[in-house]
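For reference, the structure is listed below as structure tokens.
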Amino acid sequence: MSGSMPASQQFFAPAGGTAAAQAALARLREQVARAGAASGRHPAAHAAEVHHPALPGRLAAGALHEMFAASGADAAAACGFAALSAMIAAQGRAILWVRQTMIEAEFGLIHPPGLIELGLDPARVALVRVRDAGEALKAADEAVRCGGLGALIVDLHGNPAKLDLTATRRLSLGAAQSGVTAFLTRSAGEPAPNAAATRWRVQAAPSRALEARAPGPPAFGLTLLRDRTGGMQRHWQVEWNRDETRFELLAGCAEAGTAGKPAPHPPAAANGTRAGAFAALSEPVAALSFDRPDQAAGGIRRRTG
Amino acid sequence: MAKAGGALKLAAADGRALKLGLQPGMSLADARARVPGLIALPAAPEADAALLARIAEACERFTPLVALDAPDGVTLDITGCAHLFGGEAAMLAAVSAFMRRLRVNARAALCSTPDAARALARHLTRQDKRMRLVAPGGDEAALRPLPVTALGLDRDALHGLSRAGLVTLGDLADRPSLIFSSRFGADVARKLDRALGREDMRITPLRPPAPCMAERHFAEPMLQQEAVSATLLSLARDVCSLLERQSAGGRAFEAALFLAEGGVRRIRVETGRPLRDAAALMRLFERRIEQMGEVLDPGFGFDAARMSVLVLEPFETRQDALFSVQAAEEADVAALIDRLTARFGRERVLRFAARDTHDPDREAFARPAISGACSGAGSGSGSGSSASSAPPSFWRMPCPHEPPVRPVHLFNPPQRVEVIAELPDAPPARFRWRRVWRAVALAEGPERIAPEWWLEEPATETRDYYRVEDMQGCRYWIFRRGFYNADAMPGWFLHGLFA
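Protein chains in written order, with numbering that gives the first Met the number 0: chain B, 0 to 304; chain S, 0 to 498.
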């Protein structure tokens, strides 16, 4: 083992008793490496990545993702985006939703028929109503270690002091061990350093108007504020396609600041390095119907006024 | 020591007053004449009843079957319990010692029937030294010298018996009971039969006896949290092995910790499916204890502990759980729901259910994820109508290729908004919600939702709903209540937010 160590470490090793010290050091390194491997992804559970086909950025399974509502009125958008991401991540398994009662007073109760309209079956969702952030984190801590769970959503209000680096790291580690994908949605909160794998700002985006100027399918403006795997801040506008269970790109660009410019082609499968990951997925990836018909023949007739 | 009646009379007297010749029932004026320095206090029957209830609860450490014998007695059914305390005499002594520790001046008798014990305890003689043990079969002999008042009869019957010259129970016992029932009513004969054990009589315990339980008694009061945990774990093991023998599982468990100075700490947990795994049960109790925090104050220590299964259900052993990944996942999630319920309470861990209605406020509701297994809990909101584990689904499926027509967030009650519409029946052009004016870019509607006239009290007026989107892209569900007419402008409300 000591032979494989870099030369610089051998150079800095103390002169006396080197053999024993280095053997001990090697043993420790081995232990650390083993511990690191053990804390990796749950082997059997979830080979696939959670991803939004239209997004180059991705939401890894078995990790913690943080989503900020851009403003008070965008809380529903952030909640909807988290619910949809959780649904994709859960792959048919149960979803636990931990909510502060404060949020219910501020932004309303979860309306199960609205979840159905997004394509999420309410029977798969269990709701835990908690009084404060401390309780929310306790519940989340418990849930994120439950391997049978598909995804976890935690709604927090404001900037609770309890949500610090330690708490988020606990959640991240638990998620990595069990394979549960955790989503932390924050309404009326400010981003602060923590251990989340990605951090998003979500806002409602103008939808494509249907016939008779009716609001179209849900559209979201997403800003990737931070990604632990690297990369700069980016912005997309996506639309949720319930019938095909995926997001479609309305507009996207590589950097923040030029938001709103429509992207001619979604960069979905163009990235060759991730082709293997995409191939393992059962859901449609490349076929993006950017100009699909507004409604099927014989659908609801739009009316207004 | 005194009580207000039509005239003020003594309701009770303490030992010193009795020695001075005062008796309950004596008028206060008489008593004052005899004892000039008398201290008289108003009687407090509620406080007495509360004390008696506390005593009865504390007595549950001796046996789970405890009944109140109002206004001043407690009856314990110790069938099958005496050997735990080293025999009947030792148990009687333990009960008396416990009462002394509670600073209660109590008299105790142990007989074969509850009525005999009740009569005897109230008429102990001086050499009994406040307790009396009657060996099996000795009831009649022990009761014979007691006065007829020991039966607890009403005044007319007592008066009649004394006029007939019948003074002791022995006098009654020697005569055929037919005489008494014809002359003094059936009550006399029945009470006599019960006291003498001719008629079988059981007490009605305060709590229904649990179908399955285990308990521990300690020589020394136990103070440390670790010791409490270890005791609970060993009790959980006992209970689970009992359950296994009955091939059953528990849906609701209760641990009772008895304080040395009287009083009981109860911890109750419920589960979503039958459980008989001691480790899992222990985890639930730990969550609950952690949540209770200060409530589990040991005071001067616990001297007994009992764990009982309140609700029993057949336990199906599921082989497929070992092979099917999905079943294993479901069991995993059910265990998680149990743990969260133990921590936060059943009304905080919820699942969604649908109602067959088109009223948006009522079409969906949240019910406890652990559906009503425990009849005694009574805290579940809305669990009564949905006790079945698989509620029928009324969820309306969305139309394909249509945007969502129901919001993800719903305000209950709806929030009032100010609206400017171009025409009376047109969708809103601008509206003000939370002090911000929002210009409407896209709108669809109205979708008219009429009240359900077939209900006795229809909840709302007719509502016209609009889906609107503002310039930023936020989508709202707004409705107009009522119609435009000459007298009143209809109100506008925001009912929900779309994703």
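Just so it is clear, CB atoms sit at the ideal spot from N, CA and C, and this is done for glycine as well.
Here the structure is a predicted model, which means the values were calculated and not measured.
- Taking 9 Å as the upper bound on Cβ-Cβ separation, chain B lies near residues Y465, R466, V467, E468, D469, M470, Q471, G472, C473 of the segment 458 to 473 of chain S.
- Note that the segment 358 to 370 of chain S touches the segment 450 to 468 of chain S; at least 3 beta-carbon pairs, one per stretch, sit closer than 8 Å.
- V34/S and R117/S have their C-alpha atoms spaced approximately 32 Å apart.
- Counting only runs of 3 or more residues that sit fully inside the segment 92 to 117 of chain S, the beta strand (DSSP E) segments are 107 to 109, in chain order.
- Residue state for V332/S is assigned as helix, using DSSP reduced to three classes.
- Interface residue (Cβ-Cβ distance to chain S less than 8 Å): A181/B is not classified as such.
- Of all C-beta pairs linking the segment 134 to 142 of chain B to the segment 80 to 87 of chain B, fewer than three are shorter than 8 Å, placing the two stretches out of contact.
- In terms of Cα proximity to G133/B, the closest of Q99/B, C145/B, R198/B is Q99/B.
- When beta bridges are read from the DSSP output, T222/B appears opposite R200/B, H234/B.
- The segment 286 to 306 of chain S makes no contact with the segment 43 to 55 of chain S; the number of CB pairs closer than 8 Å stays below 3.
- Per DSSP, the unbroken alpha helix (DSSP H) holding V187/S starts and ends at 185 to 194.
- In the DSSP assignment, V227/S falls within the unbroken alpha helix (DSSP H) covering 224 to 244.
- Annotation: Cβ neighbours of G146/B in chain S (cutoff 8 Å, chain order): E328, D331.
- The beta carbon of L177/S sits closer than 8 Å to those of A188, all from its chain and outside the five residues before and after it, given in chain order.
- Against chain S, a Cβ distance below 8 Å from S84/B picks out nothing, because the smallest value is about 12 Å.
- Per DSSP, the unbroken alpha helix (DSSP H) holding G159/S starts and ends at 154 to 162.
- By the Cβ-count criterion, T165/B is exposed, with fewer than 16 other Cβ atoms from all chains shown falling within 10 Å of its own Cβ.
- The Cβ neighbour count for L242/S, taken over all protein chains shown within 10 Å, is at least 16; the residue is labelled buried.
- Looking at the backbone, the Cα of P399/S and that of H408/S are separated by about 21 Å.
- The beta carbon of R241/B falls within 8 Å of a beta carbon belonging to chain S, placing the residue at that interface.
- Taking one beta carbon from each stretch, the segment 298 to 313 of chain S and the segment 98 to 116 of chain B have fewer than 3 pairs nearer than 8 Å; the two do not touch.
- Per DSSP, the continuous beta strand (DSSP E) segment holding S186/B begins and ends at 180 to 186.
- The secondary-structure analysis by DSSP pairs V129/B across a beta bridge with Q99/B.
- For P44/S, no CB of chain B lies under 8 Å from its own CB, so it is not counted at the interface with that chain.
- Taking one beta carbon from each stretch, the segment 194 to 201 of chain S and the segment 267 to 274 of chain S have fewer than 3 pairs nearer than 8 Å; the two do not touch.
- As DSSP reads the structure, V124/B sits in a beta bridge with I94/B.
- Within the same chain, Cβ atoms closer than 8 Å to the Cβ of I419/S are found at P427, A428, R429, F430, the five residues on either side in sequence being excluded.
- Distance from the Cα of G71/B is smallest, within the candidate group E87/S, A487/S, W432/S, H494/S, for W432/S.
- DSSP places D154/B in the strand class (E or B) of the three-state scheme.
- Note on geometry: alpha-carbon atoms of A104/B and N411/S lie some 9 Å from one another.
- Counting along the chain, the unbroken beta strand (DSSP E) around Q414/S starts and ends at 408 to 420.
- CA-CA distance, A163/S to R201/S, rounds to 31 Å.
- Contact annotation: the segment 59 to 67 of chain B touches the segment 174 to 182 of chain B, with at least three C-beta pairs closer than 8 Å.
- Of the other Cβ atoms in all chains shown, 16 or more fall within 10 Å of the Cβ of K190/S; this residue is therefore buried.
- At least one C-beta of chain B is nearer than 8 Å to the C-beta of R347/S.
- Within the same chain, Cβ atoms closer than 6 Å to the Cβ of L114/B are found at P121, the five residues on either side in sequence being excluded.
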